[in-house]
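Numbered by UniProt numbering, the letters in the sequence shown go through residues 25 to 430 in order.
Everything on this sheet refers to the single structure shown next.
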Amino acid sequence: EGSSGYDIAALLKETGNVTLDVGFVNTASCQSEITYIDGDAGILRYRGYPIDELAEKSTFIEVSYLLIYGELPTAEQLDAFRSRISRHTMLHEDLKDLLAAFPRDAHPMSVLSAAVSALGTFYQDSLSIKDPDQIELSTIRLMAKLPTIAAYAHKKSQGQPLLYPDNSLNLVENFLRMTFGFPAEPYDVDPTIAKALDMLFILHADHEQNCSTSTVRLVGSAQAHLFASISAGIHALSGPLHGGANSAVLEMLGEIHESGDDVETFMNKVKNKEDGVKLMGFGHRVYKNYDPRAAIAKKFAHEVMEKMGVDDPLLDIAIRLEEIALKDDYFVSRKLYPNVDFYTGLIYKAMGFPTEMFTVLFAIGRLPGWIAQWREMIEDPATKIGRPRQIYVGETERHFTEMDAR
Ligand code: ACO
Numbered sequence: 025e026g027s028s029g030y031d032i033a034a035l036l037k038e039t040g041n042v043t044l045d046v047g048f049v050n051t052a053s054c055q056s057e058i059t060y061i062d063g064d065a066g067i068l069r070y071r072g073y074p075i076d077e078l079a080e081k082s083t084f085i086e087v088s089y090l091l092i093y094g095e096l097p098t099a100e101q102l103d104a105f106r107s108r109i110s111r112h113t114m115l116h117e118d119l120k121d122l123l124a125a126f127p128r129d130a131h132p133m134s135v136l137s138a139a140v141s142a143l144g145t146f147y148q149d150s151l152s153i154k155d156p157d158q159i160e161l162s163t164i165r166l167m168a169k170l171p172t173i174a175a176y177a178h179k180k181s182q183g184q185p186l187l188y189p190d191n192s193l194n195l196v197e198n199f200l201r202m203t204f205g206f207p208a209e210p211y212d213v214d215p216t217i218a219k220a221l222d223m224l225f226i227l228h229a230d231h232e233q234n235c236s237t238s239t240v241r242l243v244g245s246a247q248a249h250l251f252a253s254i255s256a257g258i259h260a261l262s263g264p265l266h267g268g269a270n271s272a273v274l275e276m277l278g279e280i281h282e283s284g285d286d287v288e289t290f291m292n293k294v295k296n297k298e299d300g301v302k303l304m305g306f307g308h309r310v311y312k313n314y315d316p317r318a319a320i321a322k323k324f325a326h327e328v329m330e331k332m333g334v335d336d337p338l339l340d341i342a343i344r345l346e347e348i349a350l351k352d353d354y355f356v357s358r359k360l361y362p363n364v365d366f367y368t369g370l371i372y373k374a375m376g377f378p379t380e381m382f383t384v385l386f387a388i389g390r391l392p393g394w395i396a397q398w399r400e401m402i403e404d405p406a407t408k409i410g411r412p413r414q415i416y417v418g419e420t421e422r423h424f425t426e427m428d429a430r
């Protein structure tokens, strides 16, 4: 009998040789050369390169190239990649009308997914999954346009005018300017913020077969085009058990702060599972050790806040929660450690992003991983349409009852 509560042995007897693996805890859906995780040792590598080396020495655009094309680029390859992306950052004016039609208080993740879905209607010349040139074009379009769409979703929620991209800036600087700048006003990109955001995007860039990536692959396995697959992945990411956890962490920290409760009182609620309350930003399906991304984000949270002169009491609460959890049997016995989302929200807040934008930032970071995984799947001759089986536990055969007899 598993934690799902099903009597698996009895069910298998009834249904034959089908494996029941609720939540795909132990089922590999593909072979992949992109990202390696050892959850027990807390190791994460992209294409073989350790995440801490990439976070320290690389840039988001270079890591995107590495994930999508398999190797670190030469200087010329990186230049060419950058310049191709910078030529596609604009949005079609009609797409802006679509964005304008959403309610002002729409969640930016819904806007992001809808706009990416709509790219499939505006760019019909890059929908083929058989033509490598079209796949390449949709790759570049997505890399270029997602930051623009994300910045527009933010501007719209603030009731502020949209800014055209400035292609003399790099991807992260351009995104910051479109998000926080104003037309006809100079905007000086803060190098501390730009560097920190670039590094956070690297930390999020891929994470093998997580919920959103599996969604991208599953949709793509039906040979749906890249825009459709990524749009579905964005929706999957929005859930609070996945990418939505970064904003849920901030909400949780804010509530603890405002309630005036001590941190121990909150932790008791978590341990007693009162109202299903969880310590958001803790636990991971694969990591049964400290998430290496959380360790980097924690260090960065201190550095960024210090450099920016931000003194946020929520950081102290987060640190105290972690200290308690790392010593408490409830968390230790279940191997629950901080995941990437635990500290990132605090950094985004210090940078000036509203909470609703946190998961959007995750999506920008994760985009190259989704694209790389989708392309690997499309190019793999072993790919089949994703089609899980089930174990039927409903009624056995019965016969139709007329309405007056029910
Ligand atoms: N707080 C309190 N208890 C927890 C937490 C948590 N954050 N996470 C897991 N547990 C408990 C569960 O209640 C369960 O307890 P039980 O053995 O008494 O039933 C046990 O730990 C195992 O947890 P599962 O839910 O079975 O683990 P699963 O692998 O299915 O879930 C998940 C992983 C969804 C990440 C979970 O840990 C969670 O909900 N965490 C909070 C949300 C979060 O931070 N999500 C971000 C994940 S990282 C990312 O997507 C980028």
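Glycine included, every Cβ here is placed at the ideal spot set by N, Cα and C.
All of these numbers come straight from a predicted model, not from anything done at the bench.
Endpoints, the alpha helix (DSSP H) within which LEU68 is located = Note, LEU68: premise wrong, no alpha helix (DSSP H); beta strand (DSSP E) at 67–70.
Quick one: does the C-beta of ARG309 sit closer than 7 Å to a heavy atom of the ligand ACO?
-> Indeed, a heavy atom of the ligand ACO lies less than 7 Å from the Cβ.
So what's SER83 in DSSP terms, helix, strand or just coil?
-> Just to set this straight, residue 83 is Thr in the shown sequence, not Ser. THR83: coil per DSSP, three-state reduction.
Same chain, Cβ closer than 8 Å to ASN363, five either side skipped, listed in chain order = For ASN363, same chain residues with a beta-carbon under 8 Å away, outside a window of 5 residues either side, are ALA269, GLY305, PHE306, GLY307, HIS308, TYR311, ASP315, ARG317, ALA318 in chain order.
Report buried or exposed for ASP45, applying the criterion of at least 16 other Cβ atoms within 10 angstroms of its Cβ.
-> exposed
Could you please give me the residues that DSSP links to PRO74 through a beta bridge?
-> ARG69
DSSP state of TYR60, grouped into three classes?
-> strand
In three-state terms, what does DSSP make of GLU327?
-> In the structure shown, GLU327 sits in a helix (DSSP, three-state: H, G or I).
Burial state of THR83, where buried means 16 or more other Cβ atoms lie within 10 Å = buried
Say yes only if the C-beta of ALA269 is nearer than 7 Å to one or more non-hydrogen atoms of the ligand ACO, and no if none qualify.
-> yes
Inspect the CB distances between the stretch 273–291 and the stretch 171–191 and report whether three or more fall short of 8 Å.
-> no
Consult DSSP for PHE126 and reduce its assignment to one of helix, strand or coil.
-> coil
Going along the chain, which residues of its own chain have a beta-carbon closer than 8 Å to the beta-carbon of ASP428, five neighbours each way excluded?
-> Answer for ASP428: no residue qualifies.
Return helix, strand or coil for PRO207, following the three-state DSSP convention.
-> coil
Candidates THR43, GLU275, GLU86, TYR361: closest to residue 24 by CA position | What is shown of the chain runs 25 to 430, which leaves residue 24 out entirely.
Below 8 Å, can you find three or more Cβ-Cβ pairs linking the stretch 229–249 to the stretch 385–404?
-> yes
Would you kindly work out how many angstroms separate the C-alpha atoms of ARG390 and ASP230, rounded to a whole number?
-> Using only the alpha carbons, I get a separation of about 6 Å.
Local conformation of PHE377 per DSSP, three classes = coil
Just how far apart, CA to CA, sit LEU151 and LEU250?
-> 7 Å
Can you tell me where the alpha helix (DSSP H) with TYR354 in it begins and where it stops?
-> 353–357
Give the straight-line distance between the Cα atoms of ASN41 and ILE402, rounded to the nearest whole angstrom.
-> The alpha-carbon atoms of ASN41 and ILE402 are separated by roughly 29 Å.
Quick one: is VAL384 buried, meaning 16 or more other Cβ sit within 10 Å of its Cβ, or exposed?
-> Residue environment analysis places VAL384 among the buried positions, since at least 16 neighbouring C-beta atoms fall within 10 angstroms of its C-beta.
Distance cut-off 7 Å: ARG344 Cβ against heavy atoms of the ligand ACO = no
Apply the 10 Å Cβ neighbour rule to ARG201 and answer buried if 16 or more other Cβ atoms are within range, or exposed otherwise.
-> buried
Between which two residues does the alpha helix (DSSP H) containing HIS228 stretch?
-> Bounds of the alpha helix (DSSP H) holding HIS228 are 215–228.
Which residues in the same chain have their Cβ closer than 6 Å to the Cβ of ALA260, if we skip the five residues on either side of it in sequence?
-> CYS235, SER236, THR239
Tell whether a beta-carbon distance below 8 Å holds between ALA387 and GLY267.
-> Yes, the pair counts as a contact, with Cβ atoms nearer than the cut-off.
Have a look at SER56 and ALA174 and give me their C-alpha separation to the nearest angstrom.
-> 29 Å
Spatial neighbours of LEU360 within its chain, please: CB distance less than 6 Å, with the 5 preceding and 5 following residues excluded, ordered by chain position.
-> PHE306, GLY307
Give a yes or no on contact between the stretch 69–89 and the stretch 202–218, applying the rule of three or more CB pairs nearer than 8 Å.
-> no
Tell me whether the beta-carbon of ALA220 lies closer than 8 Å to the beta-carbon of GLY144.
-> no
When you compare only the Cα positions, how much space is there between GLY26 and HIS112?
-> With a pLDDT of 48 at GLY26, under the threshold of 50, the predicted position of this residue should be treated as unreliable, and no value is reported.
Among GLN158, ALA272, GLU86, the one whose alpha carbon lies nearest that of ALA99 = GLU86
Classify ILE409 as buried or exposed, calling it buried when 16 or more other Cβ atoms lie within 10 Å of its own Cβ.
-> It is exposed - the Cβ of ILE409 has fewer than 16 other Cβ atoms within 10 Å.
Pairwise C-alpha distance: ASN313 and ILE67 = 9 Å
Express the C-alpha separation of SER162 and SER134 in angstroms, rounding to a whole number.
-> 21 Å
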